[in-house]
Structures are given as C-alpha cells and as structure tokens.
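Since the structure comes first, as structure tokens, the remarks are kept for the end.
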Ligand code: KG4
Ligand code: ZN
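Residue numbers (UniProt numbering): 1 to 365.
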C-alpha cells in the first residue's frame with residue numbers, strides 16, 4: 001500500500017471548500033468547510049460569497065486534512081485540484097491554492113474534472129472501478145449518462161439533460177414549497193412520510209420517440225409548481241409530504257429507468273451513481289431494486305462522498321498518478337465549462353522541471 005500514490009485533492013467548484021487525502025484508493029482524510037449557510041437567505045449559491053469563503057477556509061482546511069490523515073505535505077506524490085466545471089471565481093481560488101502548494105513543495109499538479117471526480121470517488125468505497133463502467137451523474141448542475149472505459153482518459157457521454165439538472169429541479173421545487181436551500185436533502189426527508197403515488201407528475205422524455213438517454217426536468221418542475229399554485233389559489237393546504245414524494249418519484253423513476261436501459265443496451269453489468277443527488281435515499285433504493293432485477297451490480301458511494309468533497313478530487317488525482325498521466329502546467333487555469341470528456345487538463349511534458357529548488361525551499365521551508 002505504501003507504493004500507492006499519496007495525493008491531496010482540492011475542491012472549490014461551488015460552495016464547499018473540500019480537501020481530501022488518499023493513498024491509491026484508500027481514503028485518509030476528507031475535510032470540508034461549507035459556506036451553504038451564508039447562501040441560504042438568498043435561496044441559491046452567490047458566487048462572490050462562495051469565492052470569499054473559499055479564500056478564508058482554504059489554508060485551515062488543508063492543514064486540517066493533513067492532520068487528520070497524519071501525513072506531512074512533503075510526503076505527497078501530487079496535488080490535484082478541480083479545474084472545472086463550476087463557478088469561475090470559486091474554481092480560481094482552488095486552482096491558485098493548488099499551484100502555490102504544488103510549486104512550494106515541488107510536487108506535480110493535476111487539474112482534474114469535477115464530474116469525473118464524482119465517478120472516481122467510488123473507488124474509495126468499493127475499490128477499483130470496473131472497465132467499462134456506466135455512470136449516472138446527477139448533481140446540481142449536471143445530469144448525464146456516461147460510459148467510461150478508463151476514468152483518467154476515456155469518458156463517453158451517452159445522454160444528458162436538455163434543460164434543468166436533477167439537483168436543480170429539487171432545489172427549485174423546494175423553493176416553491178418554502179423549504180429552504182439546498183432542496184434535495186429536505187425533499188428527501190419530507191418524501192419519506194409522503195405517498196409517491198399521490199399525484200401523477202409527468203415523466204420527461206420517456207415516450208417511444210424520445211431520445212433514450214437524454215433527460216428533461218423542466219416540464220416536471222412546471223407541472224409541480226402549477227399543481228401547488230392551484231391548491232394555494234383554491235385556499236387549500238399544500239400536502240408537502242405527498243408533493244415531495246410524488247415529485248421525487250417522478251425524478252428517480254426516469255433516472256433509474258434510463259440508466260438501467262443504457263446498461264442493457266451497452267452490455268455493461270455495472271452501474272455507478274455519483275453526484276449530490278446520488279445521496280437521495282429513494283434514488284438509491286429504486287436503483288438497487290431495478291439493478292437487481294436486471295442483473296446489474298450497483299455502486300453508489302456513501303452520501304457524504306456523493307455531495308461535493310475534496311476526497312473525490314484526490315481519488316481522481318491518485319488515479320492520474322498511478323496511470324502516469326501527464327501533470328498540468330503551471331499556467332493551468334480554471335475552466336468553468338470544462339467538458340466531461342476531459343478527465344484532466346494535461347500539460348506539456350517536463351513542465352515541472354521549471355520548478356526552481358531554491359524558490360521552493362524559501363516558499364515552504
Ligand atoms: O454534486 P453536488 O454536491 O454539487 C454540484 O456539483 O452541483 O450536488 C448538489 C445538488 C443540489 O442540487 C442538492 O439539492 C442535491 O445535490 N442533493 C440532493 C440530496 N442531497 C443533495 N438531491 C436529492 N436528494 C438528496 N438527498
Ligand atoms: Zn458536484
């Protein structure tokens with residue numbers, strides 16, 4: 001195990017400052033500082049507030065992760081950081097910090113993809129990913145079906161949402177119901193006490209002529225909002241639990257149906273579910289049920305590893321090191337729309353030869 005790469009990962013694409021440390025596929029530390037409370041009163045993440053919070057939390061969170069892992073920064077084999085996609089200003093804080101640490105310590109820098117990290121994190125929970133792996137990626141900004149033959153180099157999108165992401169739909173419906181932000185966890189909680197069959201909400205893009213692997217949640221969102229408005233207009237009470245359960249069922253029904261179909265069509269016997277919405281209890285249960293019925297093995301990380309964290313970035317960084325992928329250049333920049341087909345941002349070879357030993361000694365004595 002000592003031969004496996006020791007990597008620190010930094011995640012700042014949204015509102016969590018995450019710093020994780022892994023050795024190969026073993027999780028050593030997962031420190032997270034969240035600014036979610038600072039955004040709650042605005043009903044969504046405010047980019048400037050997030051950036052400032054990252055700046056304040058960065059160094060203490062790195063120090064805490066190193067302490068939790070019981071390792072010295074000097075022993076690291078590499079520093080990985082989310083290069084995108086995400087909020088530009090927020091990403092920039094992480095990328096700048098990663099560069100500073102990597103340069104000062106004389107370690108290779110790996111700018112990695114946030115979405116690929118959401119998939120790779122499952123290696124920390126269930127061991128190496130089978131190749132190929134089918135991944136259903138569901139977060140606040142993305143909903144995609146991805147087929148990956150190698151998480152460090154080969155990710156093929158089969159389908160994606162044509163409008164809202166699944167997490168976005170949870171957040172919007174929670175707002176209509178006045179349940180606060182983020183909406184996913186609250187709706188998940190209310191739904192447990194509601195009837196998923198109480199209201200028949202539409203299942204987007206599930207007709208015979210619709211694209212098999214694309215998603216649409218905008219029509220569902222409008223249907224739920226209208227249903228709620230009609231109740232309110234009639235002076236009736238809104239049954240929050242039933243609305244939550246019925247809305248959630250419509251989302252997870254479509255997600256799991258399409259994911260299982262993609263596995264069958266592509267002859268893949270493993271399904272991985274990642275991203276914040278993968279923390280949803282009903283999605284996990286229904287996916288388990290449908291995968292079992294179809295003879296597919298399901299892999300979903302524990303909820304804490306599904307939502308944004310630094311361990312997922314470290315996990316992908318460690319895989320980059322293990323597979324000898326080229327490190328990033330010192331001029332690595334944040335790319336708010338980094339495509340999912342780019343698992344990392346490789347630089348030109350030898351870029352790290354430019355690190356000046358003396359400069360390093362001075363920066364990190
Ligand atoms: O992956 P993530 O932490 O950040 C992004 O990369 O976007 O995902 C955040 C999203 C939010 O929309 C949040 O409401 C949703 O994941 N989420 C959930 C649950 N926990 C978080 N959605 C449904 N059920 C949950 N338990
Ligand atoms: Zn995410």
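Beta carbons are placed, not taken as given, at the ideal position from N, Cα and C, and that holds for glycine.
For the beta strand (DSSP E) containing residue 137, list its first residue and its last residue.
133-138
So, for residue 9: in the same chain, excluding its five sequence neighbours on each side, which residues have a beta-carbon less than 6 Å away from its beta-carbon?
20, 80, 310, 313, 314 and 317
Same chain, Cβ closer than 6 Å to residue 341, five either side skipped, listed in chain order:
Excluding positions up to five away in sequence, the list reads 155.
Secondary structure, beta strand (DSSP E): runs of 3+ residues fully inside the stretch 79-154
109-113, 133-138 and 143-150
Kindly identify the DSSP beta-bridge partner or partners of residue 156.
According to DSSP, residue 156 shares a beta bridge with 147.
Distance check for residue 139 and residue 357, CA to CA, integer angstroms please.
Any reading at residue 357 must be qualified, since the residue scores a pLDDT of 49, below 50, and its modelled position is unreliable; no value is offered.
Got a sec? Which residues, its chain only, sit under 6 Å from residue 280 by beta carbon, not counting five neighbours each side?
188
Which partner residues of residue 21 appear in the DSSP bridge assignment?
8 and 29
Can you tell me where the alpha helix (DSSP H) holding residue 344 begins and where it ends?
Per DSSP, residue 344 belongs to no alpha helix (DSSP H) and is neither H nor E.
Using alpha carbons as the reference points, say which of 240, 265, 204 and 241 lies closest to residue 253.
Ranking 240, 265, 204 and 241 by CA distance to the CA of residue 253 puts 204 first.
Please report the Cβ distance between residue 214 and residue 274, rounded to the nearest whole angstrom; I am assuming they are in contact, meaning their Cβ atoms lie under 8 Å.
Residue 214 to residue 274, Cβ: 19 Å. No contact.
Consult DSSP for residue 423 and reduce its assignment to one of helix, strand or coil.
Residue numbering for the chain in the displayed model covers 1 to 365; residue 423 lies beyond these limits and cannot be assessed.
Return yes when at least one heavy atom of ligand 1 lies under 6 Å from the C-beta of residue 140, else no.
yes
Between which two residues does the beta strand (DSSP E) containing residue 274 stretch?
270-274
So for residue 247, helix, strand or coil by DSSP?
It is helical.
Ligand 1 heavy atoms versus the CB of residue 380: any closer than 6 Å?
With the chain covering 1 to 365 only, the question about residue 380 has no answer from this structure.
Contacting residues, own chain, Cβ-Cβ under 6 Å from residue 286 (five flanking each side not counted)
If we look at residue 286 and ignore the five residues flanking it on each side, its Cβ neighbours are 252 and 256.
From residue 322 to residue 43, what distance separates their C-alpha atoms?
41 Å
If you measure from the CB of residue 342, is any heavy atom of ligand 2 nearer than 6 Å?
Residue 342 Cβ: outside cutoff for every heavy atom of ligand 2.
Is residue 242 near ligand 2, with its Cβ less than 6 Å from a heavy atom?
Checking the Cβ of residue 242 against ligand 2 gives no.
I want to know whether the stretch 216-229 touches the stretch 169-182 - three or more CB-CB distances under 8 Å.
Put simply, the stretch 216-229 touches the stretch 169-182. At least three CB pairs are less than 8 Å apart.
Inter-residue spacing [alpha-carbon to alpha-carbon] between residue 97 and residue 295
45 Å
Straight-line gap, residue 184 to residue 147 (C-alpha atoms, nearest Å):
26 Å
Identity of the residue in 110, 186, 56 and 141 nearest residue 326 by Cα
110
Should residue 308 be counted as a contact of ligand 4 given a C-beta to heavy atom distance under 6 Å?
Looking at this structure, you won't find ligand 4 anywhere; what it does contain is ligand 1 and ligand 2.
What does the Cβ neighbour count give for residue 70, buried or exposed, with the cut at 16 atoms within 10 Å?
exposed
Let me know the beta strand (DSSP E) ranges lying completely inside the stretch 151-207, each 3 residues or longer, listed in chain order.
154-160
Kindly confirm or deny that the stretch 295-306 and the stretch 44-58 touch, where touching means at least three C-beta pairs closer than 8 Å.
no
Among the candidates 145, 169, 58 and 197, whose CA atom is the shortest distance from the CA of residue 271?
145
Residue 359 classed as buried or exposed, judged by whether at least 16 other C-beta atoms fall within 10 angstroms
Bear in mind that a pLDDT of 48 at residue 359, under 50, signals an unreliable position, so the model cannot answer this.
Please say whether residue 25 and residue 123 have beta carbons closer to each other than 7 Å?
yes
Contact check, residue 68 vs residue 6, beta carbons under 7 Å
no
State yes or no: is the C-beta of residue 279 nearer than 6 Å to some heavy atom of ligand 1?
yes
Our contact map puts residue 278 next to residue 244 with C-beta atoms below 8 Å; I'd like the distance itself, whole angstroms only.
About 18 Å; that fails the 8 Å criterion.
Where does residue 305 fall in DSSP's three states?
Residue 305: helix per DSSP, three-state reduction.
Separation of residue 265 from residue 348, as counted between CA atoms:
38 Å
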